[in-house]
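Position in the sequence shown (first residue = 1) + 636 = my numbering. Each residue gets a CB set at the ideal place from its N, CA and C atoms; glycine is no exception.
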Amino acid sequence: MADNPPDYELAERMALTRPAQVKAIGHPLRTTILQLLHERAATVTELAAAVERPKSTVAHHVDVLTRNGLLKVVRTRRVRAIEERFYGRTARMFHVAADPSPAGEEMPGDFNDFEVAARESSKAFEQGKLWGFLRHARIPEDQASQFWERMAALVDEFDRLPRSGETVYGFAIGIYPTDHPTLPATE
C-alpha cells in the first residue's frame, strides 16, 4: 500500500458547485465508492467485489460520479482484448460551495455526516468499541470557524494514513450551532 494514500495524483480540495454534484455524493453506495478510492485506484470489478453488489450497479454509480467530476480514470491496463480502467477520486476532500450555482439552480442540502456516522457506529457501540466525545461551548462564530479549520487538518491527516490492519475505522468530526441552554449573564 502507498505510504500516503491514495496511489494516484489528485487535488486537495474540490468545491461542488452544481446541484447534480451534491446529489451524486448523497447516495450511500457512491459515498462508499469514494471512501474506498481514498486507499487506491480501483476497477469496477474490484469495487463491486468490495461492496458485494453487481458490477452493473457499481458501473452505474461510477458513471454518475465520473459525469459529475468526482471520479476520473487514473490509469488503464490491457487484459486480453479488454482495456481495464482504474478509477480514482478527483480530490481528497469535496465540499459544498457556499455560493449559489453558476446556472442559478438551487443547491440541495449536503447530506448529514452524523446521521451516517450514527448508523455506522451502532454496532461498535453495542460491542463497547465506540470512542467519542460530545461537548458544548458558547464561543463566537469566528472562533468556531478557526476550530473547524483545525478539525479539517485532522481529517486530512486521517485521510493520508497508510492503509494497513484488518479493520476499517470511521472518523466523524464536526462543529454545529445548537439550541443548548446557556446560563444568564452574571451581574
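Exposure of residue i, with buried meaning 16 or more beta-carbon neighbours within 10 Å
| i | result |
| --- | --- |
| isoleucine 669 | buried |
| alanine 638 | Note that alanine 638 scores a pLDDT of 48, beneath 50, so its modelled location is shaky; the value from the coordinates is reported in the next line. Exposed is the call here. |
| leucine 706 | buried |
| leucine 790 | exposed |
| proline 664 | exposed |
Three-state secondary structure assigned by DSSP to residue i
| i | result |
| --- | --- |
| valine 804 | coil |
| histidine 697 | helix |
| threonine 702 | helix |
| leucine 707 | strand |
| arginine 786 | helix |
| isoleucine 718 | strand |
| isoleucine 809 | coil |
| lysine 691 | helix |
| alanine 686 | helix |
| arginine 666 | helix |
| arginine 755 | helix |
| glutamate 793 | helix |
| glutamine 763 | coil |
| aspartate 778 | helix |
For residue i, the residue or residues it bridges with in DSSP
| i | result |
| --- | --- |
| tyrosine 723 | Ala678 and Val709 |
| histidine 731 | Ala651 |
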